[in-house]
Amino acid sequence: MTVVCIALLLLGSKTIMEVTILFFTLSVLAVLYVWVRRSSYCRRFQHIPGPKETWLLGNALQIRTEEFHRQLYDWYKQFGPIYKIRLPDTYMIVLSGYEELWDMFQNTGLDLAGRYNNFRMSHHVRDTGLGNRFPDGKWKLLRKIVHKQLKQYGEGMKTMEKAVAEISEYMFLQFSNASDAKRTLDPFDIFKRTAVKIIALVACGERLADDHPLVNSLIQYEENVWDMLGDLSLGSLLIDIFPLALNLPIRASRKLKHLDNIRDRLARELGQLGLKHEGSLMTMLHDCKNNKKESRGVGPVGVLHEDDIMLTLITILFAAVGTSSLSFYCLINILAHRKDVQEKLWNEIRTNSPDPKKNVNLLNRPEMPYSRAVIYELLRYHSPAPINGLRLAVKESEIRGIRIPEGTVIAPNTWTLHHDPDSWDEPEHFKPERFLDNEGNLLAPNHQRRKHLLPFSSGVRVCPGEQFALARLFLWLTNLVKRFEIIPAEDNDVSKIDPDNFRLAFLLYPPRYHVLPKRRSGLNTGHCTG
Ligand code: HEM
């Protein structure tokens, strides 16, 4: 508009006065246009309750970034199981009740299975990796391939289970060293490192050495990606609303560009590594790209591009590492502060896996309900992804009779589902027994409490790593407790396991802590055999 006015002025066809009048008229018309459009957009959400919003920025300035999950809980108490929040550019519908979440996950098919990618995300993963893309044919194919690859890690797949156990020895060795030196340790990096090496094995088929430079780069990248995605600072929001702001010399744009560079380098290096190993996820994806023999029965051939492959590897990396390592980090401190839970675990472990030189394995799992209940309770208590993955309505749809317009962002608020006192007795307490019946058996999957536990979500876009993650957490937990007793360090007070002190950066981060591992008698080294 300003350009039009200046052009008129330069062409000399109007006086300054006329151009000024024209400028103001056009400005008023532009504001009116935006106002009418915005009002008609807002009217489509009038039927849904929500916190009071301002005209331009909606509720954006009310958002408390690092505790957004708890803020959503407070709003749930005020506005009920379905409410709306306005972000500057769109409405977000927050679903918090079990019925509402179940309806969305199970009954709306692909209509609400889009992924909400803000500009930063779309730019960084180019909307093409498995976790971010629109639910189309390629997305289905990618899920099928990833499922097929991860299935290898189930019970009965001895080779892969052995490889995972071997990689986890790194973790046990660090605990052994600390125990021998009677020194405390913060296991944050140890768990991250172990998780990264396992996922590198799945993706590329390569067992990376502890000091392999890729391990450090992957860890660094994974941490920064969550920080960048979870960042709701003004600079980041500015880039989301006005993508041109990516060219401004602000912290958020520098950070994003830096991450883009690391992504490209990692993708190149992982790609080269993966192609060397027949049977890795990388080669399975490449078979589809290269039209190889009906892609080993996983789907139609020749539809994947290099970008789809690389960004799927990258998204798997950040979907798989943070979630399980943060949860396990949270669990080890809970055990340190809860001797009673540790004692019960230890009793179950020594009954079912009495040989001190042998690892607990997945075949022991059916006989170990308490250990499994500890893991379910952990996923409820910690809820590593407390707002699930944000979804997008790709079509107008309905949840429990409420109309959800196309293009709406959906926040499945599993934090509230897992901490609502109407569903859980003393939700703020860590009580594995809530997943056991009176005989100490694990509750059946159709029991109300099991159904109310949705840390991996459910339905068409459910986390494809669910079984893999549960198996890995079980092996880590039981084999660590089999070797060590965990004692809190002096400065590690119980407030560090209070979820009120966890920080949200897309995933939920417990505070850092130190523990003192004490080797159990009967085990002379950190090593066991399968
Ligand atoms: C405790 C561990 C984990 C938790 C709590 C978790 C949770 C989740 C959640 C809530 C979602 C979003 C689903 C939705 O949009 O409805 C998700 C997606 C995903 N997860 Fe996990 N996850 C875990 C571990 C893993 C592992 C180990 C892998 C891979 C090895 C993995 C791979 C993925 C992928 C690829 C997606 C995107 C799927 C899609 O968008 O179609 N996750 N996960």
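So the sequence shown is numbered by the working numbering: it starts at 829 and just counts up by one.
Note that CB positions come from ideal geometry on N, CA and C, so glycine has one too.
Because the structure is a prediction, the values reported are computed rather than measured.
- Item | Ordered list of beta strand (DSSP E) runs contained in the stretch 1016-1044, each at least 3 residues | none
- Around the Cβ of Thr1379, are there at least 16 other Cβ atoms within 10 angstroms (buried) or fewer (exposed)? Within the shown structure, residues of the chain are numbered from 829 to 1358, placing residue 1379 beyond reach of any answer.
- From Pro1339 to Pro1255, what distance separates their C-alpha atoms? 20 Å
- Task: Give the C-beta separation of Phe1263 and Glu1224 to the nearest angstrom, bearing in mind that I take them to be a contact with Cβ-Cβ under 8 Å.
- Result: About 38 Å; that fails the 8 Å criterion.
- Query: DSSP three-state call for Glu1122: helix, strand or coil?
  - Reply: Bear in mind that a pLDDT of 49 at Glu1122, under 50, signals an unreliable position, so the number given afterwards is only what the model happens to contain. In the structure shown, Glu1122 sits in a helix (DSSP, three-state: H, G or I).
- In DSSP terms, what Met1110 is bridged to: Paired residues: none, contrary to the question.
- Item | Sequence-distant residues of its chain with Cβ nearer than 7 Å to Ile1160 (five each side left out) | Pro1015, Ile1314, Val1343
- Stretch-stretch touch, CB-based, cutoff 8 Å, three pairs: the stretch 1266-1283 with the stretch 1200-1219: yes
- Message: Rounded to whole angstroms, what is the Cα-Cα separation between Leu1271 and Lys1259?
- Response: 14 Å
- So is the beta-carbon of Trp967 under 8 Å away from any non-hydrogen atom of ligand 1? yes
- Query: What is the rounded straight-line gap between the Cα of Leu1305 and the Cα of Leu915?
  - Reply: 40 Å
- Message: Between Ala1095 and ligand 1, is there a pair consisting of the residue's CB and a ligand heavy atom that are separated by less than 8 Å?
- Response: no
- Message: Please give the ranges of any alpha helix (DSSP H) in the stretch 1141-1181, keeping only runs that are unbroken, at least 4 residues long and fully inside the region.
- Response: 1167-1180
- Query: Under a Cβ-count criterion, where at least 16 other Cβ atoms within 10 Å of its own Cβ denotes burial, should Pro1240 be classed as buried or exposed?
  - Reply: buried
- Among Glu894, Glu997, Gly886, the one whose alpha carbon lies nearest that of Asp1055: Glu894
- Item | 9 Å Cβ cutoff met for Ala888 and Leu1013 | no
- Query: With C-beta atoms as the reference, is Val953 less than 9 Å away from Asn960?
  - Reply: yes
- Closest Cα partner of Gln977 within the set Arg1091, Leu1141, Thr882, Ser1323: Leu1141
- Message: Does Tyr901 come out as helix, strand or coil in the three-state DSSP assignment?
- Response: helix
- Exposure label - Asp1039; buried when at least 16 CB within 10 Å: exposed
- Task: Identify whether Thr1244 lies in helix, strand or coil by the three-state DSSP scheme.
- Result: helix
- Task: Check whether the Cβ of Pro1338 lies closer than 8 Å to any heavy atom of ligand 1, and answer yes or no.
- Result: no
- Query: Leaving out the 5 sequence neighbours to the left and right, which residues in its chain are closer than 7 Å to Met845 when beta-carbon positions are compared?
  - Reply: none
- Message: Less than 7 Å between C-beta atoms, sequence neighbours within five positions excluded: which residues of the same chain meet that for Tyr944?
- Response: Leu1218, Arg1219, Leu1220, Val1237
- Item | Gly1293 Cβ short of 8 Å to ligand 1 heavy atom set | yes
- Item | Segments of 4+ residues assigned as alpha helix (DSSP H) that fall wholly inside the stretch 1230-1299 | 1242-1247, 1276-1279
- Item | Cβ pair count under 8 Å reaching 3, the stretch 1326-1340 against the stretch 1017-1031 | no
- Query: How is Lys1104 classed by DSSP in three states: helix, strand or coil?
  - Reply: coil
- Message: Suppose the cutoff is 6 Å on Cβ atoms and the five residues either side in sequence are ignored; what does the same chain contact list for Thr1244 look like?
- Response: Tyr901, Tyr904, Ser924
- Item | Contact check, Ile1215 vs Thr1242, beta carbons under 9 Å | yes
- Contact test: Ala1147 Cβ vs ligand 1 heavy atom, cutoff 8 Å: yes
- Simplified DSSP state of Ile844, which is helix, strand or coil: helix
- Task: Indicate, with yes or no, if ligand 1 has a heavy atom lying under 8 Å from the CB of Asn1216.
- Result: yes
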